[in-house]
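Here is the structure we will look at.
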Amino acid sequence: ICLRLASMVILLRAVEAVSVTAQRAFEEYRETVPISMASRLLTLASAAILSAFGMHIDRIMLVTTAIFAASTCLQFRSLRKLLGDILLWPEFRAQETRALADSGIFVWLQATGSVIFRQLDRILLGLSLGAVDVAPYSICIQLAETLLGMRASGISLFFPYLSSRMSTFLTVGLRC
């Protein structure tokens, strides 16, 4: 059950990334950053609270999946405000797909490796120490990833803003 829920979370995060990236392209962070931060904090709080009450990992994963599903829906609702009535269904064109594949293959390999190695440590820990030791480790990893994700969300807000202002400000003014 946990592996199925984890695969759903991975899919939801990938779909959510489409919306978040599109909003960043518009330099609109007012809604995307609070939604992302709130979902991370809710995930962290729910995992801590549920584990404190002795809930098993399958319940924690179920709540995490529900939070990510709600976050994804909210991100797309926020994107809909920017785009209006544009259809968001993908349209595949051979030339554009080839150009995307050429420029994105390294990033895709990094993302795939990240997913594989994130799960590989938990599998190896479960094989060597037993399944009972994986649950607290997974919760600690969730805590660490949430804290790093919050920092990454803040940086994702700051650097595009700074980059867009670089052409209008003097370099001395940006250093403060």
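Going by our numbering, the first residue of the sequence shown is number 2, and it counts up by one from there.
Glycine included, every Cβ here is placed at the ideal spot set by N, Cα and C.
Here the structure is a predicted model, which is why all the values come from computation and not from measurement.
* 8 Å contact criterion, which residue 65 and residue 48 should meet: CB distance rounded -> 7 Å
* **Span of the alpha helix (DSSP H) around residue 109** => 95-130
* Indicate the three-state DSSP secondary structure (helix, strand or coil) for residue 35 in the structure shown. => helix
* Asked: Looking at the structure shown, is residue 177 part of a helix, part of a strand, or coil, going by DSSP?
  -> Per-residue confidence for residue 177 stands at a pLDDT of 48, beneath the threshold of 50, marking its modelled position as unreliable; the derived number appears in the next sentence. It is coil, neither helix nor strand.
* **For residue 25 and residue 123, the rounded distance between their alpha carbons** => 33 Å
* Helix, strand or coil: how does DSSP classify residue 85 here? -> coil
* Beta-carbon proximity list for residue 147, same chain, < 8 Å, skipping 5 on both sides -> 41, 42, 44, 45
* To do: With distances taken Cα to Cα, identify the nearest neighbour of residue 18 among 80, 6, 103.
  => 80
* Look at the alpha carbon of residue 96 and the alpha carbon of residue 105, and state the distance between them as a whole number of angstroms. => 14 Å
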